[in-house]
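**Student:** Just so we're aligned, residue 1419 is where the sequence shown starts under my numbering, counting upward by one.
Below is a structure I'd like to ask you about.
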Amino acid sequence: MEKTARATEKAVQRCIDASCGGTFGLRERIYVCPCCGGTLEIDCRLDGLRAGGEASVWRERWASRAASHDPIDVSGVWRYREMLPFDEPIPFVTLFEGNTPVYHGPRSARYCGLDDLRLKHQGCNPTGSFKDTGMSAAVTQGVVLGAKTAVCASTGNTSASLAAYAGRAGLQAAVLLPRGQISAGKLAQSLDYGALVCEIDGNFDDCMRLIQELGDDPSIYVANSINPFRIEGQKTVAFEMMEQCLWQPPDHVVVPGGNMGNSTALGKGFQELLDLGFISRIPKLSVIQAEGAAPVARLFASLDRKQTAGGENLPATMAPVENPRTLATAIKIGAPVSWKKALRAVLRSGGEVISVSEQEIADAKAMIGRDGIGCEPGSATTVAGIKKLVAAGKIRSDENVIAVLTGHMLKDADYAANYHRGGLAIDRDAKQGSTPQPIRGAFQNTPERVAASKSAILSAMERRRSC
Ligand code: F0G
């Protein structure tokens, strides 16, 4: 394979390792750099966009598409198609992803010690998680390349999303899931959308290793976020968020961290907007991991911040967490594949990577719920993390903060029900037979058994009003 792609292409795949710098054409079905094994990203040559008019012209064009009924405009990904590495006509695969709301969360804000907090709810996507924006682009690229089967390893959301988008495109989907570690709702989605569901005896990281092996087969297309086209679809969240903020960047954007695709994508989206002059600065991007699955937070804490400022001089490797543990199963990952790209984005922005405990996640989730917003446990790491960052003086109470909620509450309804009924508990460690550690429902809302009479119901209401 040639190391340098033709200069005429709209975009190229580029190795992020500066000492390699290999570039490859968009039609190359590769997931890591064929020269050095490094991570790939897509370098969208945005000159066409620059030549197409001022920022205001593009902002107006994108905004006007939101009022159109043409499917390519309705999609919150393809509406920004000039920023994406696809030649027209694009055989786009869509379920009308994106277009997700930004809510104010006054109770969550108070809980964190902030004057205001906004929550961008990516759980309002078609399959209930943020994966849909990236999957729309990845499955479209699979179609461009003539793939027969699209595969992924997953903690449940990527698989649900791949199954749905592959179904739309008429591709076979095969998903590798760690057996017994996926919420029932997410598993049901993959089954219903017709994917081949392979339950693997192992954890997510084992599934991911198998995917990397399967990726060599020419009939197979890998749809995990190691695939740079996934990141391209997902970066549009940054564009949509900035539109919703009237192009005034917030001071902080906070996301959960698992395989680290989301943080990579947001960082890339903001950077491109800055390079084009569409925004004047990049928000500080912070990533929150669960304490029992926090390899990146651990590495981040050990970094020399001066040496690595601007995302330079990153370590070559990251020690994985061998047996990741968290009830936030979406982010139960010990060896995230996109750690380097994500770390670079966080460091460039001046953000942080920290971890939060199971108790902190559970309480933050209940607090988000009190704002009338349902998210899954992995998403609630954001509010738990913001509370910690405010307490540590890393976020000021009057700063402008957006938390990205990544999955819908109904993705893992059992977790919420168990929290409120007082039945949430996590195994203490990987050893068999250890007693589970209970998680206190500090904002528990236990259902009440009430007699079937008007007066009993009214008095139950009265009791609640007075507490
Ligand atoms: N939140 C939710 C709800 C997720 O499902 C995931 C990842 C994350 C956060 C972390 O995002 O991996 O981009 O850092 N879920 C993947 C999956 C791993 O297979 O569904 P990330």
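Even for Gly, the Cβ is constructed at its ideal location relative to N, Cα and C.
Cutting at 6 Å between CB atoms, please list the residues of its own chain near Tyr1449, excluding the five before and the five after it.
**Tutor:** Here residue 1449 corresponds to residue number 31 of the sequence shown, with the count starting at 1. Contacts found: Gly1633, Val1640, Ile1644 and Asn1645.
**Student:** Looking only at DSSP bridge pairs, what is Gly1825 linked to?
**Tutor:** If you number the sequence shown from 1, residue 1825 lands on position 407. In the DSSP output, where bridge partners are listed per residue, Gly1825 has Ser1547.
**Student:** Over the uninterrupted beta strand (DSSP E) stretch that includes Leu1360, give me the two end residues.
**Tutor:** Residue coverage of the chain in this structure runs from 1419 to 1885, which leaves residue 1360 outside it and unanswerable.
**Student:** Consult DSSP for Ile1875 and reduce its assignment to one of helix, strand or coil.
**Tutor:** Position 457 of the sequence shown, counted from the first residue, corresponds to residue 1875. Correct three-state label for Ile1875: helix.
**Student:** Tell me the rounded alpha-carbon separation between Asp1491 and Ala1484.
**Tutor:** Within the sequence shown, numbered from 1, the residue matching residue 1491 stands at position 73. Within the sequence shown, numbered from 1, the residue matching residue 1484 stands at position 66. Their Cα atoms are separated by approximately 6 Å.
**Student:** When burial is assigned at 16 or more other CB atoms within 10 Å of the CB, is Ile1813 buried or exposed?
**Tutor:** Residue numbering aside, residue 1813 sits at position 395 when the sequence shown is read from its first letter. It counts as buried.
**Student:** I'd like the span of the alpha helix (DSSP H) that includes Val1755, first residue to last.
**Tutor:** Here residue 1755 refers to the residue found at position 337 of the sequence shown. Note, Val1755: premise wrong, no alpha helix (DSSP H); not H, not E.
**Student:** Hey, how far is the Cα of Ala1831 from the Cα of Ser1608?
**Tutor:** In the sequence shown, the residue the question calls residue 1831 occupies position 413. In the sequence shown, the residue the question calls residue 1608 occupies position 190. Taking the straight line from one Cα to the other gives about 17 Å.
**Student:** Is the closest heavy atom of the ligand F0G to the C-beta of Ala1748 under 7 Å?
**Tutor:** Here residue 1748 is taken as the residue at index 330 of the sequence shown, counted from 1. True, at least one ligand heavy atom lies under 7 Å from that Cβ.
**Student:** Assuming Arg1432 is part of the alpha helix (DSSP H), what are its boundary residues?
**Tutor:** Numbered from 1 along the sequence shown, position 14 holds the residue referred to as residue 1432. Taken as a continuous stretch (DSSP letters only), Arg1432 belongs to no alpha helix (DSSP H), being part of the beta strand (DSSP E) at Ala1429 to Cys1433.
**Student:** By DSSP's criteria, Ala1568 is part of a beta bridge. Which residues make up the other side?
**Tutor:** Start at 1 with the first residue of the sequence shown, and residue 1568 comes out as number 150. For Ala1568, which the question treats as bridged, DSSP gives the partners Ala1591 and Tyr1639.
**Student:** Can you give the Cα-Cα distance for His1670 and Pro1489, rounded to whole angstroms?
**Tutor:** Here residue 1670 refers to the residue found at position 252 when the sequence shown is read from its first residue. Here residue 1489 refers to the residue found at position 71 when the sequence shown is read from its first residue. About 32 Å.
**Student:** Suppose only complete runs of 4+ residues qualify. What are the alpha helix (DSSP H) ranges in the region 1781-1864, listed by chain order?
**Tutor:** Runs of the alpha helix (DSSP H) inside the region 1781-1864: 1795-1809 and 1831-1839.
**Student:** For His1522, count the other beta carbons within 10 Å of its own beta carbon; 16 or more makes it buried, fewer makes it exposed. Which is it?
**Tutor:** One-based indexing of the sequence shown puts residue 1522 at position 104. Burial call: exposed.
**Student:** Is the region 1756-1775 touching the region 1659-1669, taking contact as three or more C-beta pairs under 8 Å?
**Tutor:** The region 1756-1775, when compared against the region 1659-1669, does not touch it at the 8 Å Cβ threshold.
**Student:** Going by alpha carbons, who is nearest to Asn1677 out of Arg1463, Lys1428, Ala1870 and Cys1625?
**Tutor:** Sequence index remark: in the sequence shown, residue 1677 carries index 259 (1-based). Closest option to Asn1677, Cα to Cα, is Cys1625.
**Student:** Assign Val1475 to one of three DSSP states: helix, strand, or coil.
**Tutor:** Taking the first residue of the sequence shown as 1, we reach residue 1475 at position 57. Of the three classes helix, strand and coil, the one that applies to Val1475 here is helix, per DSSP.
**Student:** What are the uninterrupted segments assigned as beta strand (DSSP E) that are 3 or more residues long and contained completely in the region 1687-1775, given in chain order?
**Tutor:** The region 1687-1775 contains these whole beta strand (DSSP E) runs: 1702-1708 and 1771-1774.
**Student:** Over the uninterrupted beta strand (DSSP E) stretch that includes Asp1461, give me the two end residues.
**Tutor:** Walking along the sequence shown from the start, residue 1461 turns up at place 43. Where Asp1461 is concerned, the enclosing beta strand (DSSP E) stretches over Leu1458 to Cys1462.
**Student:** Sorted by chain position, which residues of the same chain lie with C-beta nearer than 6 Å to Pro1754's C-beta, five sequence neighbours on each side aside?
**Tutor:** Counting from 1 along the sequence shown, the entry for residue 1754 is found at position 336. Cβ neighbours of Pro1754 beyond the five flanking positions: Asn1677 and Met1678.
**Student:** Is Asp1690 near the ligand F0G, judged by its Cβ being under 7 Å from some heavy atom?
**Tutor:** What you label residue 1690 is simply residue 272 of the sequence shown in a count that begins at 1. Residue 1690 is actually Glu in this sequence, not Asp. No; taking the cut-off as 7 Å, the Cβ of Glu1690 has no heavy atom of the ligand F0G nearer than that.
**Student:** Are Gly1552 and Ala1683 touching if we call contact CB-CB under 8 Å?
**Tutor:** Translated into positions along the sequence shown, residue 1552 becomes position 134. Translated into positions along the sequence shown, residue 1683 becomes position 265. Result yes, Cβ atoms of Gly1552 and Ala1683 sit closer than 8 Å.
**Student:** Are Val1569 and Ala1555 closer than 8 Å when you measure CB to CB?
**Tutor:** Here residue 1569 is taken as the residue at index 151 of the sequence shown, counted from 1. Here residue 1555 is taken as the residue at index 137 of the sequence shown, counted from 1. No. Outside cutoff.
**Student:** Go to Ile1644, then tell me how far its alpha helix (DSSP H) extends in each direction, as first and last residue.
**Tutor:** As a working note, residue 1644 is residue 226 in the sequence shown. Segment: none, Ile1644 is in no alpha helix (DSSP H) and carries neither H nor E.
**Student:** According to the Cβ coordinates, are Leu1464 and Leu1694 closer than 8 Å?
**Tutor:** Taking the first residue of the sequence shown as position 1, residue 1464 is located at position 46. Taking the first residue of the sequence shown as position 1, residue 1694 is located at position 276. In contact: Leu1464 and Leu1694 (Cβ atoms closer than 8 Å).
**Student:** How would you call Asp1623, buried or exposed, if buried means at least 16 neighbouring beta carbons within 10 angstroms?
**Tutor:** Here residue 1623 refers to the residue found at position 205 of the sequence shown. Result: buried.
**Student:** Among residues of its own chain, excluding the 5 on either side of Ala1446, which ones have a beta-carbon nearer than 6 Å to its beta-carbon?
**Tutor:** As a first step, residue 1446 must be located in the sequence shown, where it is residue number 28. Note on identity: in this sequence residue 1446 is Glu, with Ala being the wrong assignment. Counting only Cβ-Cβ distances below 6 Å, and skipping sequence neighbours, we find nothing.
**Student:** As a quick exercise: from Ile1600, Ser1601, Thr1576 and Phe1504, pick the residue whose alpha carbon is nearest that of Leu1563.
**Tutor:** Position 145 of the sequence shown, counting from 1, holds the residue named residue 1563. When only C-alpha atoms are compared, the closest one is Phe1504.
**Student:** If contacts are defined as beta-carbon pairs under 8 Å, then Met1501 and Leu1467 qualify, I think. What distance do you get, rounded to the angstrom?
**Tutor:** Working through the sequence shown from its first residue, we reach residue 1501 at position 83. Working through the sequence shown from its first residue, we reach residue 1467 at position 49. That belief holds up - the Cβ atoms of Met1501 and Leu1467 are roughly 7 Å apart, short of 8 Å.
**Student:** As an exercise, report each continuous beta strand (DSSP E) stretch of at least 3 residues that is fully enclosed by the region 1472-1547, in chain order.
**Tutor:** Listed in chain order, the complete beta strand (DSSP E) runs (minimum 3 residues) inside the region 1472-1547 are 1520-1522 and 1536-1539.
**Student:** Suppose you measure from the CA of Ile1618 to the CA of Leu1513; what does that come to, to the nearest Å?
**Tutor:** Against the sequence shown, residue 1618 aligns to sequence position 200. Against the sequence shown, residue 1513 aligns to sequence position 95. Rounded to the nearest angstrom, the two C-alpha atoms are 29 Å apart.
**Student:** Beta carbon of Gly1841: closer than 7 Å to some heavy atom of the ligand F0G?
**Tutor:** Numbered from 1 along the sequence shown, position 423 holds the residue referred to as residue 1841. False, no ligand heavy atom lies under 7 Å from that Cβ.
**Student:** Out of Arg1699, Ala1708, Lys1549 and Asp1781, point me to the one whose CA is closest to His1826's CA.
**Tutor:** As a working mapping, residue 1826 is identified with position 408 in the sequence shown. If we check each option's Cα against that of His1826, Lys1549 comes out closest.
**Student:** Just confirm the distance between the C-beta atoms of Lys1783 and Cys1793, as a whole number of angstroms; I'd bet it's less than 8 Å.
**Tutor:** For the purposes of this step, residue 1783 is taken as residue 365 along the sequence shown, with counting starting at 1. For the purposes of this step, residue 1793 is taken as residue 375 along the sequence shown, with counting starting at 1. Right, their Cβ atoms sit about 7 Å apart.
**Student:** Which term fits Asn1543, buried or exposed, when burial requires 16 or more other beta carbons within 10 angstroms of its beta carbon?
**Tutor:** Residue mapping note: residue 1543 aligns to position 125 of the sequence shown, counting from 1. With 16 or more other Cβ atoms within 10 Å, it is buried.
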